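Residue numbers (the numbering used here): 862 to 1380.
Positions of the beta carbon are idealized from the N, C-alpha and C atoms, including for glycine.
Quick caveat, the model's predicted, so the values are computed rather than measured.
Beneath this line is the structure, given in structure tokens, with notes to follow.
Below, the structure written as structure tokens:
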């Protein structure tokens, strides 16, 4: 069976301040101390192997004949191939026995390499509909790209008090492990969700938070649990967007700390954000959307009549014709965002002001900037009758003439004098877009700061915390900007932290038992 190449998964790792899996160490120790089999015995006739494939990534095969220089194999597609073997490093990876296929913990496999991992994940996902698989202390989560009914309150309480491995792999099991550690070992915990863009990291982080809000809540639900859960739809509205890989992709990094009292109930939370993708406000690649909040407002334009909101197709910043996400009701999402804002203490007037600023950003993209003159004498001009500019001036209570002037001019201040320089049409458009990005980024930061103030609802000092990190994944496009560099650099640093925790700590366990292992 070939291994599909479209499998996207995220990795959820809990930083529990403990030694890695003893089970993994013991199993490998036992294997390495057993009598060694020769290469000839391992790759004898009938041995089952994996071989690379240009389209299917890996395909299964069976050894028909082995020599020191080549392997003659028959693939599962009934193709006979000869594989050159110049050294032992050229030997193909071995397949696991059928009895081990579909294991819920990858460390239970006899052979743990790329094709074995991918095939086991594929079997569990495609045949058993299991999106979660353990790999020792790590949880691998596959994005099903659809709603799955495994996150209700009954499932949450089913995992409460259970150890990892007692039940099927689940994000709730990882969350329970972290919660148990702060209770029993009095140590702060962190959950890191990593993976490529579109792997489903945000959803995993959201359900981990839901678990903590449920089991860490008081017997009677208090405002703090409601506010913690209400922060998710707000941040998704202003920080998530449709990309070619994911209909709800986070375009910023987020670290949330949940604060617990001495009785281990949630008493507050705090949120830090990183690397907001400001360029998306003014430009999106083909097939992608701007931030969800803009489409929600356009869908609810009857409710926002006082802001003169138009259909999404009328705005240059929302110009992608494929702006509808299947299965998503933007108007309903607008109501959820508005209700979440109320839950988090935003007054109705403040909410109206937020939508007013956002409407101004949309109108900025439609301000018409033309050129006057030519050559070196070309300057930018905005008509005094520009509907969108006048709308911005009205919404933000600005002087329309001053706004028009400073969109087309730049003030240069030196030690001796101040010079007003007229901009060309292209420079004015860049200035307009820069203003739109700056306004959106400032509003985003202000909303996060307000949410943080509302999440600290108790005067009681925090006893312990659990942190949840959700940062957007590695990206590479045909044209990559400084934003991609920052995103990928942050991902690389995160990967190094992951490697240090999972592999270096495991390596230390091997050394203690006299097992030599390098990675």
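Could you tell me if residue i is buried or exposed, where buried requires 16 or more neighbouring beta carbons within 10 angstroms of its beta carbon?
| i | result |
| --- | --- |
| residue 985 | buried |
| residue 1294 | buried |
| residue 960 | exposed |
| residue 911 | buried |
| residue 886 | Note on residue 886: pLDDT 36, under 50, position unreliable in the model; no value is reported. |
| residue 1025 | buried |
| residue 1063 | buried |
| residue 1088 | buried |
| residue 1009 | exposed |
| residue 1323 | buried |
| residue 892 | Unreliable positioning characterises residue 892 in this predicted model, as indicated by a pLDDT of 41, which lies under 50. The coordinate reading is nonetheless provided below. Flag for residue 892 reads exposed. |
| residue 1366 | exposed |
| residue 1051 | buried |
| residue 976 | buried |
| residue 1372 | exposed |
| residue 1145 | buried |
| residue 1274 | exposed |
| residue 1042 | buried |
| residue 994 | buried |
| residue 900 | exposed |
| residue 1175 | exposed |
| residue 1340 | exposed |
| residue 1004 | buried |
| residue 1053 | buried |
Starting from the Cα of residue i, find the closest Cα among the options and give me that residue.
| i | options | result |
| --- | --- | --- |
| residue 1186 | 1209, 1160 and 1265 | 1160 |
| residue 958 | 907, 1350, 940 and 941 | 907 |
| residue 1156 | 927, 1146 and 1198 | 1198 |
| residue 1244 | 1291, 1269, 1093 and 1324 | 1269 |
| residue 1098 | 1191, 1075 and 1140 | 1191 |
| residue 838 | 939, 972, 1001 and 964 | With the chain covering 862 to 1380 only, the question about residue 838 has no answer from this structure. |
| residue 1258 | 1240, 1241, 1281 and 1217 | 1217 |
| residue 1150 | 1162, 1074, 972 and 1179 | 1179 |
| residue 925 | 919, 909 and 938 | 909 |
| residue 1214 | 1141, 1340 and 1167 | 1167 |
| residue 932 | 1148, 938 and 943 | 943 |
| residue 1284 | 1142, 1004, 1220 and 1272 | 1272 |
| residue 1002 | 966, 940 and 1344 | 966 |
| residue 1188 | 1362, 1345, 900 and 1103 | 1103 |
| residue 1036 | 946, 1045 and 1020 | 1020 |
| residue 1326 | 1363, 1340, 1274 and 1119 | 1119 |
| residue 954 | 974, 948 and 1240 | 974 |
| residue 1317 | 1123, 1350 and 1084 | 1084 |
| residue 1267 | 1288, 1275 and 914 | 1288 |
| residue 918 | 978, 1078, 1277 and 947 | 978 |
| residue 1114 | 1344, 1376 and 1361 | 1344 |
| residue 1363 | 920, 999 and 938 | 999 |
| residue 929 | 1047, 923, 941 and 945 | 945 |
| residue 1162 | 991, 1196 and 1235 | 1196 |
| residue 1014 | 939, 1070, 949 and 914 | 1070 |
Do residue i and residue j have their CB atoms nearer than 8 Å?
| i | j | result |
| --- | --- | --- |
| residue 1068 | residue 1127 | no |
| residue 1112 | residue 1138 | yes |
| residue 1252 | residue 1169 | yes |
| residue 1110 | residue 1101 | yes |
| residue 904 | residue 935 | no |
| residue 962 | residue 1308 | no |
| residue 1116 | residue 1330 | yes |
| residue 1153 | residue 1209 | no |
| residue 968 | residue 1007 | no |
| residue 1066 | residue 1201 | no |
| residue 1220 | residue 1256 | yes |
| residue 987 | residue 1136 | no |
| residue 1239 | residue 1286 | yes |
| residue 1142 | residue 1301 | yes |
| residue 1122 | residue 1321 | yes |
| residue 1038 | residue 1125 | no |
Nearer than 7 Å: is that true of the beta carbon of residue i relative to any heavy atom of the ligand NAP?
| i | result |
| --- | --- |
| residue 1224 | The ligand NAP is not among the ligands present in this structure, which contains no ligands whatsoever. |
Verify the CB distance criterion: does residue i have a CB-CB separation below 8 Å to chain B?
| i | result |
| --- | --- |
| residue 1110 | Of the chains in the structure shown, none is chain B; there is only one protein chain. |
Validate contact between the segment 1128-1140 and the segment 1214-1231 using beta carbons, cut 8 Å, 3 pairs: no
Cβ contact check for the segment 1019-1035 and the segment 1287-1302: 3 or more pairs under 8 Å: no
Segment contact flag, the segment 1331-1345 with the segment 1052-1065, C-beta cutoff 8 Å, min 3 pairs: yes
Sufficient close CB pairs (3 or more, under 8 Å) joining the segment 1197-1213 to the segment 1301-1320: yes
Cβ contact check for the segment 1249-1263 and the segment 1218-1226: 3 or more pairs under 8 Å: yes
Uninterrupted alpha helix (DSSP H) stretches inside the segment 1216-1302 (no shorter than 4 residues): 1248-1257 and 1261-1268
Every unbroken beta strand (DSSP E) within the segment 1049-1134, with a cutoff of 3 residues, ordered by chain: 1050-1056 and 1114-1121
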